[in-house]
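Structure first, then comments.
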Amino acid sequence: MISQKLAVQCLAEEMRGCPVPTVPEQFQRKRFAEHDFVLFGHVPVRAHKLANRWQFDESEVRTAGRTIVALPWDPSDLVDPRPHSPGKPKPATPARTGWREQIRRWADHAGFVMRMKNGCSCGTSCQRRSDGWALPCGLTPEGLLQRCSNHSIACVLPVPTLVWSHDTWLVPRTLALILDQWEETETALAASSHVCGTCGAHSTDSTWHTSTTSGWKVICPACAAAGLRRYQQELAGATYAGVRERGPRAEDFLCAICEPARPAAAWDHCHEHGLIRGPLCGSCNTMEGQGKEFLARKGSVQHLLNCKDCRAHRTLPPHHRLAALRRHLHLERGLQGCDVPMHMCVSVTEVVDSGYECRVRCFGQRGSSSLRLTAAEAEHILARTVESGML
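For the sequence shown, the UniProt record's numbering puts the final residue at 391, and the numbers step up evenly by one.
Dropping the structure here:
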């Protein structure tokens, strides 16, 4: 296995002298990708997560590069990208999907920027989004190339290869083949990422995805409940350092917060006292670390108080104190039933030696509500929050 940096070097070696315009430097697994593959052109390369780092099989990486190199390349062999073929009626509106849509968005935005800078050459009020396949008003081929020549799709650079006519743009046949196959492969991989790896059931969204130390895992709630354990405070009072070295794996448990529960990915622990609180999935663990919205989750206060020292001192971790105030104000003064993230509706600013300046305004409320909490009032709210988690 090789690192992402070495994978880029391998691709650069394989692509040396290849006329197909590519940018190996952009070969990387995106953080929020739906699957564990990185596509170089139309060729998928599996990414493997080892010790929380993404790595690749060198032979697969080099095969991807050689596959692109082996394709015939004639920049004068051009095809029309429009979805209709000669003899068929043109659609009322152009299809805007996949790589075609991406190129059109680049051109639309570049045209908008040029019109904002130089004005509209046709003397009318132009829309930012053009209706056809020709260059938007105010944009020249040179202007598009200047702004978008380094924009890539699957490590391929389409804009420098485009040839423009009066009503559309043309693209080399090989590049269209690469991008069409990339689109098909990406769609198939995304669809397969919604299938439970245990029973084969299909989900319509990404809620079955769980990030693990070895990559994405797709498992339905029923299979997760059947194959994993619910945490029953087996490690209450245990230190994170000890569990990390000798304790059970978090991946063998269900998330202590999610409902329906997803597979856990990490042992959540109190950073103040070093004690285990319980297993959390990747999403809940990230949310807890950020501190903004974790307290909006059912059972979150009780979970934080699984740290015996926090419970004994009847206190919340420092990065959850402002969130506890936001939570209280959102419930007391916000719009009833508001499901917008509470940090977007409530602002709480600590003022040195004088309490907190607060402002509450939910989407749908006509006006905002401003108030000042004294330090004593804030401590009272925090104490009530802790008491609710002690039950």
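Every residue gets a Cβ at the ideal spot worked out from N, C-alpha and C, and that includes glycine. Remember, predicted model here, so these are calculated numbers, not experimental data.
Q: Would you identify the three-state DSSP class for V386, choosing helix, strand or coil?
A: helix
**Q.** Which residues DSSP lists as bridging C358, in chain order
**A.** V348, L371
Q.
Let me check understanding here. Comparing Cα to Cα, which of C223, Q181, E186 lies closest to A201?
A. C223
**Q.** Cβ pair C18, I68 closer than 8 Å
**A.** yes
Q: Hey, could you find the ends of the alpha helix (DSSP H) D180 is sitting in?
A: 173-192
Q. Can you find at least 3 beta carbon pairs, one from the segment 60-77 and one from the segment 169-182, that sit closer than 8 Å?
A. yes
**Q.** Nearest-angstrom Cα separation, counted from L139 out to R66
**A.** 36 Å
Q: Grab me the residues of V45's own chain with a C-beta within less than 7 Å of its C-beta, minus the 5 sequence neighbours each way, in chain order.
A: F37, V38, F56, E60, V61, A64
(Q) I want to know whether the segment 237-247 touches the segment 181-193 - three or more CB-CB distances under 8 Å. (A) no
Q: Kindly give me the distance between the Cβ atoms of C255 and C281, rounded to whole angstroms, as I take these residues to be in contact under 8 Å.
A: 4 Å
Q: Determine the extent of the alpha helix (DSSP H) in which G278 is found, giving its start and end residues.
A: No alpha helix (DSSP H) contains G278, which is instead part of the beta strand (DSSP E) from 276-280.
**Q.** Extent of the continuous alpha helix (DSSP H) to which F40 belongs
**A.** First-last for F40: 37-40, but that is the beta strand (DSSP E), not the alpha helix (DSSP H).
Q. In terms of residues, what are the limits of the alpha helix (DSSP H) holding P141?
A. 141-148
Q.
Can you list, in chain order, the residues of its chain with a C-beta nearer than 7 Å to that of residue 399? Leave out the 5 residues immediately preceding and following it.
A. Residue 399 lies beyond the stretch modelled for the chain, which goes from 1 to 391, so this question has no answer here.
**Q.** Boundaries of the alpha helix (DSSP H) in which R62 is found, first to last residue
**A.** 58-69
(Q) Considering Cα atoms alone, identify which of G237, I178, R16, A154 is closest to A312. (A) G237
**Q.** DSSP three-state assignment for H320, whether helix, strand or coil
**A.** helix
Q. Which stretch, first to last residue, makes up the beta strand (DSSP E) that contains residue 392?
A. Nothing about residue 392 can be reported from this structure: the residues present for the chain run from 1 to 391 only.
Q: Let me know the secondary structure DSSP gives Q28 once reduced to three states.
A: coil
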